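Asker: Sharing a structure here in structure tokens format.
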Amino acid sequence: MGIFTACQETSPYPYETVPNDPMKARIYTLDNGLKVYMTVNKETPRIQTYIAVRVGGKNDPAETTGLAHYFEHLMFKGTQQFGTQNYAQEKPLLDEIERLFEVYRQTTDDAQRKAIYQQIDSVSYEASKLSIPNEYDKLMSAIGANGTNAYTSFDQTVYQEDIPSNQIENWAKIQADRFKNNVIRGFHTELETVYEEKNMSLTSDGRKVSETLLSMLFPDHPYGSQTVLGTQEHLKNPSITNIKNYYKTWYVPNNMAVCLSGDFDPEEMIRVIDQYFGDMQPNPNLPQPPAVHESPLKSVTEKEVLGLEAANINIGWRVPGAGSPDNDLMTLARSILNNGKAGLLDVNLNQQQKVLSSYAGGWTMADHTMFMMNGRPKQGQTLDEVKELLLGEVAKLRNGEFDEELLEATINNFKLSEVSRMEYNYVRASMFINSFINGTPWKNEVERMDRLSRVNKQQIVDFANKYLGDTYAVVYKREGKDPNELKIEKPAITPIETNRDKSSTFLTEIQASEVQPIEPVFIDFEKDMQRAQTKNGIEVLYKQNVTNGIFSLLYVFDMGNNHDKALGTAFEYMKYLGTSTKSLQQINEEFYKLACYFGVYPGSDRTYVTLEGLAEKMPEAMALFEELLADAQVNKETYANLTGDILKKRADAKLNQMQNFSALVQYAIWGPNSPTTHVLSTEELQTMDPAQLVDRIHKINSYKHKVLYYGPEKLNDLVATIEKYHKTPDTLLPVPEEKEFKRAETTENQVLLAQYDAKQIYFSSVSNRGERYDAAMQPTAEMYNEYFGGGMNAIVFQEMREARGLAYSASAYLISPSKLKDPYVYRTFIATQNDKMIDAMKAFDDIINNMPESERAFALAKEGLITRMRTERITKANVLWSYLYAQDLGLDNDGRKQLFDEVQTMTLPQIVDFQQKWVKDRKYTYCVLGDANDLDLKALGEYGPVKKLTKEEIFGY
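The sequence shown begins at 99 in our numbering and counts up one residue at a time.
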């Protein structure tokens, strides 16, 4: 790595760079050890920020697992300066809560524990009178931040914000105080949120499978011996004292990195970061990371996981971690096995319909990597049969039974992906995180493509033989009741004070600080895009890509499954078909070599035909794609297989919690007849002549449609290319008549209950009064959503999560129509423990109908919205999409301008008036997905007649 020390006259801060770095990254190290990674990207006046701490689930003490993740939540609770009205008065109460939790965790008698918890709840309520919940989120809203969040994995805890470029100093001031002076408050309600997140994981079969595989592959390492979320037992016995010690140990500058990508001056940025973070004290005695050993595995090991979702098979191998030279080989081996088009699994299993689905991938971590494969069985196929098919493809990799050209094409596709990813600040900054957390020099990241380009086939074969041999773990995910799933009883929690009208001096000072304003920029569809027509009248919407050599081409048809319910099946069938001159394998291999991708996506009333990739290859890719559309050949055996697979996927969907919930909500919105149930029946699938489906494929280009293009080609040249390769008749056909589906208007309260045997319910209420799109009302609706349900600083989050500890996530909002024919729909959502259901419903009803009014909260929501809109930019292909969506609503301008203009003078009474007219006292269809045996059906019946629905009714098949 080249090290350049700038002249003292221009910069007192030395930094490292790497030659030929496309991101031109600068890497600074402050005197206290804090790493600062920067890359400038001036496309929009915003900056993606991450603050990464090199600590995660692997560093949790074995007796208090889940601690790293829990502390991540507590980093949003404030400091001595914010989050509190008077820290001196608050501190004795917080100390008492800490003491009581130490007693609580040492107590085993249930009655005594309950009594101690009542004390904790009582003291917590008193402490809440002095706290200001969510003040961190208010600070972020005040400076116009987006994407406020954090995440914890085994190796890292990362805090993220997307900020306006004129708020660097305020951001640094807030973050430095946050990381230097954390105060743990709101502990017991946040603990309930963590429980709910744990509950969600217990109903996720995929997570249980991953955790089981890790335990089998890494029994000698925390990756396998503990989990990031921790055990239920440890979560129920937390220690604030231990958490404080953990914070003091790990949240230190020599264990942290600030990672930035966006619009800023690096010299000014490093000066500000040093000003606010430079006095953080390092820890010279950081604990040693867990030891990394040679694999102790000597043979094949097998385990079984039970869960409600569809059966599948999973195989895992132990591979070295991110810093190993073998990581490059793992990356290539994974794509040779499975890349979606031409990999061994793609060609030999998925495209030949030998399994329902299969994939291979690597979970790369700092110390080790888990290379894994997954397969889902067809109807009547055993998991062992799928396992042998998967292992057969790995054997081909070990034996070198793949073409050298596949390796070359894989590298070209990686290069395409890399170029595409460089457009996004969050990707650029995330690359810094990986380098820091994994301990890999930035030089390694910059030179990665060069290294991959030098890899030969024999190296891949040697890698596969070294690591993907006969020492692997197998997890059979079978359908059944998980005996390890424990029910957590809800505690009695007194809702804490939200104090939304209170502000700390710190927040007031941030709000009063003066920054150079950034003027908003709105789209002018006449200037920011171009339109043209082909000789036969196809409208072309054009936006030039001046950033790189990547293109996207779309044919947009205003027809979909509502017009022809066989359309989706036809294009699913096309994925398995060749032409009269090319096999399916040849077509996919050619696309992969061209580094281009295609797809056809029929929705309910619009179909998108997409082609994207390297612009220099567009004519070849377009010719190939058009050939497939015009000349796809019937294969009856393939269709028979497809029919069986569609029916198996439908059966599997009925086992999935989220798909059941989605089907239930769609039933509430539409009733029994809806676009989602407008599909071919089992009988229609089985009796369909596949030639009729192929006719639909051949005919698609004959219907009226638009073309959207974003790429480097000039408009006149593009039109000529379209006229040359896009095969259409001289006169296009009108789209077929659409089957009209009408959303059910909500005239009376009712409860729809669908059975799903889990410890956590999914709940949504839906209300449709039939109101159509009103452009004049739209800005007020947007401001209502921002104030009431817009994010962590909004009323819903504060009341449902912070004050009551009812859920990990909750939301409520008025959904605006996307088309003129659609109505406004009011919706809520919460996922919570079964025994919290009625509490959640009561709380929702209360805050929706009796909306809390706070001038201070409204001012913050308004200020945040205005600040964000000043720096929000719609660019590149998104200009074309914005035009399309505006047209759907009968608009010819950027609707954001009206919002920006009107929100300046909006008042809280306007929002209250809107709530009274548009929200208060609505009738609702309440949707509950849960275990009826574990729910209070009598209390549920108080909300309206309870209608129990079968899976057949909600799915429509």
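Just so it is clear, CB atoms sit at the ideal spot from N, CA and C, and this is done for glycine as well. Computed from a predicted model, the values in this text were never measured in an experiment.
Helix, strand or coil for His171, going by three-state DSSP, please let me know.
Answerer: Here His171 sits in helix by DSSP.
Asker: Looking at the unbroken beta strand (DSSP E) that takes in Tyr113, where does it start and where does it end?
Answerer: Element bounds for Tyr113: Tyr113 to Thr115.
Asker: Run through the DSSP bridge pairs and tell me what Val1026 is partnered with.
Answerer: In DSSP, Val1026 forms a bridge with Leu851 and Phe861.
Asker: Are Ile972 and Val1001 close, meaning C-beta to C-beta below 8 Å?
Answerer: No.
Asker: Which residues in the same chain as Ile218 place their Cβ atom closer than 8 Å to its Cβ, once the five residues preceding and following it in sequence are excluded?
Answerer: Result list for Ile218: Ile195, Leu198, Phe199, Tyr202 and His286, in chain order.
Asker: Within the same chain, show all residues whose beta-carbon is closer than 8 Å to that of Ser88, passing over the 5 residues directly before and after it, in chain order.
Answerer: In the structure as shown, the chain begins at 99 and stops at 1055. Residue 88 is therefore absent and cannot be evaluated.
Asker: Can you find at least 3 beta carbon pairs, one from the stretch 400 to 415 and one from the stretch 321 to 335, that sit closer than 8 Å?
Answerer: Short answer: they don't touch.
Asker: Give a yes or no on whether the C-beta atoms belonging to Gln755 and Ala856 are separated by under 8 Å.
Answerer: Contact flag set, yes.
Asker: Look up Met354 in the DSSP assignment and give the residues it is bridged to.
Answerer: Partner(s): Val151.
Asker: How is the alpha helix (DSSP H) around Asp303 delimited, first residue to last?
Answerer: Residues Asp303 to Leu315.
Asker: Could you have a look at Leu584 and say whether DSSP puts it in helix, strand or coil?
Answerer: Correct three-state label for Leu584: coil.
Asker: Tell me, to the nearest whole angstrom, how far the beta carbon of Phe375 is from that of Ile266; I am working on the premise that it is less than 8 Å.
Answerer: With 8 Å as the limit, Phe375 and Ile266 do not qualify as a contact, their Cβ atoms being about 13 Å apart.
Asker: Could you compute how far the alpha carbon of Pro921 sits from the alpha carbon of Ala910?
Answerer: When rounded, the distance between both Cα atoms is 17 Å.
Asker: Select from Arg549, Asp129 and Pro385 the residue whose C-alpha is nearest the C-alpha of Asp424.
Answerer: Selected option, being the one with the closest Cα: Arg549.
Asker: Got a sec? Which residues, its chain only, sit under 6 Å from Phe604 by beta carbon, not counting five neighbours each side?
Answerer: Gln179 and Phe180.
Asker: Run through DSSP, which three-state label would Glu1000 get?
Answerer: Residue state, collapsed to three classes: helix.
Asker: Helix, strand or coil for Tyr695 per DSSP?
Answerer: Strand.
Asker: Grab me the residues of Asn264's own chain with a C-beta within less than 6 Å of its C-beta, minus the 5 sequence neighbours each way, in chain order.
Answerer: Val613, Gln614 and Ile616.
Asker: Given that a residue counts as buried once 16 or more other Cβ atoms are within 10 Å of its Cβ, and exposed if not, what is Gly635?
Answerer: Label assigned to Gly635: exposed.
Asker: By the three-class DSSP mapping on this structure, what secondary structure does Gly76 have?
Answerer: The first residue shown for the chain is 99 and the last is 1055, placing residue 76 beyond what the model contains.
Asker: Please work out which residues of its chain come closer than 8 Å, Cβ to Cβ, to Ser220, disregarding the five sequence neighbours upstream and downstream, and give them in chain order.
Answerer: Once the five neighbours on either side are set aside, the close Cβ partners of Ser220 are Thr592.
Asker: Which residues bound the alpha helix (DSSP H) around Lys940?
Answerer: Lys940 -> alpha helix (DSSP H) spans Met935 to Asn947.
Asker: Buried or exposed: where does Pro788 fall if 16 or more other Cβ atoms within 10 Å of its Cβ makes it buried?
Answerer: So Pro788 counts as buried.
Asker: Compare the beta carbon distance of Tyr695 and Gly676 with 8 Å and say whether it is the shorter of the two.
Answerer: Taking 8 Å as the Cβ cut-off, Tyr695 and Gly676 do not qualify as a contacting pair.
Asker: Indicate the three-state DSSP secondary structure (helix, strand or coil) for Met470 in the structure shown.
Answerer: If DSSP states are grouped into helix, strand and coil, Met470 belongs with the strands.
Asker: Looking at the secondary structure, which residues open and close the beta strand (DSSP E) in which Val256 lies?
Answerer: Looking at the DSSP string, the run of the beta strand (DSSP E) that includes Val256 is Thr255 to Pro262.
Asker: With DSSP as the reference, label Lys271 as helix, strand or coil.
Answerer: If DSSP states are grouped into helix, strand and coil, Lys271 belongs with the helices.
Asker: In angstroms with no decimal places, state the Cα-to-Cα distance between Pro1043 and Ala842.
Answerer: Approximately 17 Å between the Cα atoms of the pair.
Asker: From the DSSP output, read off the bridge partner residues of Leu831.
Answerer: Tyr801.
Asker: Going by the beta-carbon positions, is the gap between Ala959 and Ser251 smaller than 8 Å?
Answerer: In this structure, Ser251 does not lie closer than 8 Å to Ala959 by Cβ.
Asker: Quick one: what's got a C-beta closer than 7 Å to Asn448's C-beta in the same chain, skipping five residues either side?
Answerer: Only Ser455 and Ser456 meet the Cβ criterion.
Asker: Alpha carbon to alpha carbon, what distance is there between Pro380 and Tyr1024?
Answerer: The straight-line gap from Cα to Cα measures roughly 53 Å.
Asker: Output the distance between the C-alpha atoms of Tyr234 and Val281, rounded to the nearest integer angstrom.
Answerer: C-alpha separation (whole angstroms): 12 Å.
Asker: Enumerate in chain order the residues of its own chain whose CB-to-CB distance from Asn536 is below 6 Å, with the five nearest sequence positions on each side excluded.
Answerer: Ala420, Gly421 and Ala464.
Asker: In the DSSP assignment, the beta strand (DSSP E) including Ser650 goes from what residue to what residue?
Answerer: Element bounds for Ser650: Ile648 to Phe655.
Asker: Which runs of the beta strand (DSSP E) spanning at least 3 residues fall entirely within the stretch 545 to 584, listed in chain order?
Answerer: Those beta strand (DSSP E) runs which fall completely within the stretch 545 to 584 and span 3+ residues are 571 to 577.
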